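K.L.:
Spelled out as structure tokens, the structure:
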């Protein structure tokens, strides 16, 4: 009887740990989807991917505060009926998470588009330069979040408006633009922006200079319907809780995976992306605008990073270094799964998340302790039964696996393997 009860406890603990591992794997998969597109399909090593996730998390924080300020609380009433309550729920602050997902995708996508148009498109085929450029962008984005204020935001917007506006006018002019025109444009736009910044700083200094976020972490609170009692999953006479927030992240990950698969396989632009990936020269000869395809691919991958940041924001506090906590694991997922392979990315994310939690939470130690023959293994697992040491062990296992299959779980085939 005691053995039966002990076995039931072990099974429940194992199932709970597997669920927690799958939820961690879902976060990794969500963050790796965008990188799988950018790194897998375009071959660009984007070290700013973590900062794009960070921007998505901060966008969620901003949308949450706006929703609290302008949207009413949801209070169902019997008089309103089902339809009235449904409409009230949609326009209430309880729905802010869905607005935040859209906003995070747009903000991160636009930043990724600007990054591709401003730097990456000049560095295709030069991986080292691309790596250094995106690393520099990641540092800029982190410092920008720490120091951004109203004055700096207006100055950046004003400079971009003046510079790109003048550049558009010059390019539309049939006269050949001299080489000194662009440096002069930069100097004039910068001077006007500097003067305007001085004037604004001298009017209401506290309003313009006060930082929006600073270096401190900010907290994002999930909607009330995600903070309710966990859903009890029955298992015989017992049950184990399934937190609603993690279930929501798992569902969001499934939707993003299905959406990415549908986009790449059943839309015109998705087919163009795959064509350019397989053979850029032939695609260009067939009339496919490869420059637009590159920009769209980078924007979609960056937008998915923003959605991942929105999901991460619901699991804990958000800071300027939030993206750095996930970028290494995200690259491991993409490399282990096979570059550019969606199924491999899914399997790798689930495997890394589950194994990391089983080791780091001590679940494997608990399972192996009663077996005397596994005592050496138990001692090893006990040494690695912390979150940081579990990552070390998982990383070592990935290195060992890549020695056997260097191309990952699913190796590229056909023309993709030649890229």
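Residue numbers (the numbering used here): 1 to 419.
Glycine residues also receive a C-beta, built at the ideal position from the N, C-alpha and C atoms.
Note that the structure is predicted; figures quoted are calculated from it, not measured.
#1: Which same chain residues, not among the five before or five after residue 111, have their C-beta less than 7 Å away from its C-beta?
#2: For residue 282, is the classification buried or exposed, using 16 other Cβ atoms within 10 angstroms of its Cβ as the cut-off for buried?
#3: With distances taken Cα to Cα, identify the nearest neighbour of residue 246 among 16, 11, 12.
#4: Leaving out five residues on either side along the sequence, give the residues of the same chain with a beta carbon under 7 Å from the beta carbon of residue 243.
#5: Suppose you measure from the CA of residue 91 to the CA of residue 75; what does that come to, to the nearest Å?
#6: Can you check whether the CB of residue 32 is closer than 8 Å to the CB of residue 306?
#7: Check the Cβ-Cβ distances between residue 121 and every residue of chain B, and say whether any is below 8 Å.
#8: Along the chain, where does the alpha helix (DSSP H) containing residue 376 start, and where does it finish?
#9: Counting beta carbon pairs with one atom in the segment 117-128 and one in the segment 292-299, are three or more of them shorter than 8 Å?
#10: Just curious, the alpha helix (DSSP H) that residue 270 is in, first and last residue?
#11: Does DSSP classify residue 224 as helix, strand or coil?
#12: Quick check: the Cα distance between residue 127 and residue 145, rounded to an integer number of angstroms?
#13: Using the beta-carbon count (16 or more within 10 Å), is residue 403 buried or exposed?
#14: Would the beta-carbon of residue 209 fall within 8 Å of that of residue 201?
#15: From the DSSP secondary-structure annotation, give me the bridge partner or partners of residue 149.
#16: Residue 47: buried (16+ other C-beta within 10 angstroms of its C-beta) or exposed?
#17: Between the C-alpha atoms of residue 369 and residue 317, what's the straight-line distance to the nearest angstrom?
#18: From the DSSP secondary-structure annotation, give me the bridge partner or partners of residue 242.
#19: Bridge partners of residue 423, per DSSP?
#20: Rounded to the nearest angstrom, how far is the Cβ of residue 330 from that of residue 131, given a contact under 8 Å?
#21: When you compare the CB positions of residue 350 and residue 22, do they come within less than 8 Å of one another, or not?
#22: Inspect the beta-carbon positions of residue 360 and residue 387 and report whether they are closer than 8 Å.
#23: Buried or exposed: where does residue 414 fall if 16 or more other Cβ atoms within 10 Å of its Cβ makes it buried?
#24: Alpha carbon to alpha carbon, what distance is there between residue 314 and residue 226?
#25: So, with DSSP's three-state summary, where would you put residue 194?
#26: Just verifying my parser: in three-state terms, what is the DSSP assignment at residue 37?
#27: Where residue 223 and residue 67 are concerned, what is the direct C-alpha to C-alpha distance, given to the nearest angstrom?
P.N.:
The answer reads as follows:
#1: By the criterion of a C-beta distance shorter than 7 Å, residue 111 is surrounded in its chain by 52, 55, 302, once the five residues flanking it on both sides are discounted.
#2: Exposed.
#3: Comparing C-alpha distances from residue 246 to each of 16, 11, 12 shows the shortest one belongs to 16.
#4: Taken in chain order, the residues that qualify are 230.
#5: Residue 75 has its alpha-carbon roughly 11 Å from the corresponding atom of residue 91.
#6: Cβ atoms of residue 306 and residue 32: not closer than 8 Å.
#7: Within the model displayed, chain B is absent; a lone protein chain is all it includes.
#8: Taken as a continuous stretch (DSSP letters only), the alpha helix (DSSP H) holding residue 376 covers 375-383.
#9: The segment 292-299 vs the segment 117-128: in contact.
#10: Taken as a continuous stretch (DSSP letters only), the alpha helix (DSSP H) holding residue 270 covers 268-278.
#11: In the structure shown, residue 224 falls within a helical segment according to DSSP collapsed to helix, strand and coil.
#12: CA-CA distance, residue 127 to residue 145, rounds to 27 Å.
#13: So residue 403 ends up on the exposed side.
#14: Taking a C-beta distance under 8 Å as the contact criterion, residue 209 and residue 201 qualify as a contact pair.
#15: In DSSP, residue 149 forms a bridge with 211.
#16: By the 10 Å Cβ count, residue 47 comes out buried.
#17: Between the alpha carbons of residue 369 and residue 317 lies a distance of about 35 Å.
#18: Bridge partners of residue 242: 231.
#19: The requested residue 423 is not part of the displayed model; the chain covers only 1 to 419.
#20: Their Cβ separation, rounded to whole angstroms, is 15 Å, which puts residue 330 and residue 131 out of contact at 8 Å.
#21: With contacts defined as CB atoms closer than 8 Å, residue 350 and residue 22 qualify as a contacting pair.
#22: Contact: yes.
#23: Since pLDDT at residue 414 reaches only 45, below the 50 mark, its modelled position is unreliable, and no value is offered.
#24: A direct Cα-to-Cα measurement between residue 226 and residue 314 gives close to 10 Å.
#25: Reduced to three states, the DSSP call for residue 194 is helix.
#26: The answer is helix: DSSP assigns residue 37 an H, G or I state.
#27: Between residue 223 and residue 67, the alpha-carbon positions lie close to 11 Å from each other.
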